[in-house]
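Participant: Below are the structure tokens for one structure; questions will follow.
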Amino acid sequence: MSDCIFCKIINNEIPSTRVYEDEFVIGFKDLNPLAKEHYLFIHRDHSENINDITDSDPAQLSDVFKAISKFTKDSGLASTGFRVVTNQGVDGGQTVFHTHFHVLGGEKLAGFGS
Ligand code: 5GP
Ligand code: ZN
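Position in the sequence shown counted from 1, then plus 30, gives you my numbering.
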């Protein structure tokens, strides 16, 4: 989508610090990190949110999770642990409407939902 900032990042129209890329997926550093390590993983095909991607092409979810698995193993994050978060809609706190998965780690993260 031409007005989508993450599509622009995929097309290198907006700079980003890439940490991972393959045929289907890219991973890059979040501009405003909420943990010592904070990355965003996105499919190269535009979809709006997790329900949209699930309806349109659920295989893309495994593309993204395979990428996260490979990256976290290669970078060492998998050995210390990490968290994956996705936000959908206003109440979920979604601000960018290209499906993305936050990968957070590099330190002990605060408890979630407690
Ligand atoms: P959301 O709030 O939609 O779940 O997450 C959007 C994330 O994208 C936020 O954590 C925000 O910091 C990040 N973000 C927004 N614009 C940019 C950008 O231009 N570059 C990068 N690297 N991250 C961005
Ligand atoms: Zn997009």
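Yeah, the Cβ is synthetic: ideal placement off N, Cα and C, and Gly gets one too. On a predicted model such as this, the values are computed, not experimentally measured, just so you know.
For residue 64, which three-state DSSP category applies?
Facilitator: coil
Participant: Considering only DSSP beta bridges, list what residue 127 is partnered with.
Facilitator: Paired residue(s): none; residue 127 is not in a bridge.
Participant: In the DSSP assignment, find the alpha helix (DSSP H) that holds residue 36 and state where it starts and stops.
Facilitator: 35 to 40
Participant: In the structure shown, what three-state DSSP assignment does residue 103 receive?
Facilitator: helix
Participant: Could you spell out the range, first to last residue, of the beta strand (DSSP E) harbouring residue 57?
Facilitator: 55 to 59
Participant: Got a sec? Which residues, its chain only, sit under 7 Å from residue 64 by beta carbon, not counting five neighbours each side?
Facilitator: Shown here for residue 64: same chain residues with a beta carbon closer than 7 Å to its own, the five before and five after excluded, namely 134 in chain order.
Participant: Please state if the CB of residue 98 and the CB of residue 127 are separated by a distance shorter than 8 Å.
Facilitator: Not in contact: residue 127 and residue 98 (Cβ atoms no closer than 8 Å).
Participant: Beta-carbon distances below 5 Å to any heavy atom of the ligand 5GP define the shell here; list its residues in chain order, please.
Facilitator: 46, 60, 61, 62, 117, 124, 125, 126
Participant: Does the ligand ZN have even one heavy atom less than 7 Å from the beta-carbon of residue 58?
Facilitator: Not under cutoff, so the answer is no.
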